[in-house]
Amino acid sequence: MITTARQLKDLIRNMSKKKSADAQILMRNYMMERFLERISLSEYKNQFILKGGMLVAAMVGLDARATMDLDATIKGTNVSVEDVEMIISQIISIPLDDGVSFRVKRISEIMEEADYPGVRVSMETKFDGVITPLKIDISTGDVISVC
1 MITTARQLKD
11 LIRNMSKKKS
21 ADAQILMRNY
31 MMERFLERIS
41 LSEYKNQFIL
51 KGGMLVAAMV
61 GLDARATMDL
71 DATIKGTNVS
81 VEDVEMIISQ
91 IISIPLDDGV
101 SFRVKRISEI
111 MEEADYPGVR
121 VSMETKFDGV
131 ITPLKIDIST
141 GDVISVC
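According to UniProt numbering, the sequence shown is numbered sequentially starting from 1.
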């Protein structure tokens, strides 16, 4: 298990060289995975549907153009700023022995004119002094097709 920023930075640096990937993207993806682990342990685990670049990266492997944010659809739940704030607060407060903490910086509406409006959550993750920004776009009502 990774317990210090030095260990994480060394791992990221080695992966960056091995995969010819940007170290900042790898760090952001690591933090997204820490958030996803918390979702998997939350009461919302069956309501979050991962989509977009992070889903592709999870299915076929990480590449150099990996996603900059996390895209998800929530089924069976309102996607108002207030509801998302409550859901995210519950998720990020789930204790894991990974040393990562999350702080919500801002929650705002996105896609207001779209058929399926949503909410953007801007957060900071912190691990042993290393701060990494993280964005999550959450929508509802999207038609999900399994290929």
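Glycine residues also receive a C-beta, built at the ideal position from the N, C-alpha and C atoms.
Spatial distance of residue i from residue j (CA atoms)
i: K45; j: D69; result: 19 Å
i: L134; j: E124; result: 6 Å
i: L26; j: M32; result: 10 Å
i: V104; j: K9; result: 23 Å
i: T140; j: E85; result: 15 Å
i: I131; j: R13; result: 16 Å
6 Å Cβ shell around residue i - same chain, five flanking residues per side excluded
i: S108; result: R120
i: N75; result: A small correction: the amino acid at residue 75 is Lys; Asn does not occupy that position in the sequence shown. Counting only Cβ-Cβ distances below 6 Å, and skipping sequence neighbours, we find Q47.
Sequence-distant residues of the same chain with beta carbon closer than 8 Å to residue i, five excluded per side
i: E37; result: L96 and D98
i: M1; result: D97 and D98
Secondary structure of residue i, DSSP reduced to three states
i: L70; result: strand
i: L41; result: coil
i: K75; result: coil
i: D137; result: strand
i: L50; result: strand
For residue i, the first and last residue of its enclosing beta strand (DSSP E)
i: M123; result: G118 to F127
i: S110; result: The amino acid at residue 110 is misidentified as Ser; the sequence shows Ile. Counting along the chain, the beta strand (DSSP E) containing I110 begins and ends at V100 to I110.
The alpha helix (DSSP H) enclosing residue i, as first and last residue numbers
i: I88; result: V81 to I92
i: M1; result: Note, M1: premise wrong, no alpha helix (DSSP H); not H, not E.
i: A21; result: Looking at the DSSP string, A21 is not in any alpha helix (DSSP H), and its letter there is neither H nor E.
Contacts around residue i, its chain only, beta-carbon distance under 7 Å, and the 5 residues preceding and following it disregarded
i: I88; result: V104 and V121
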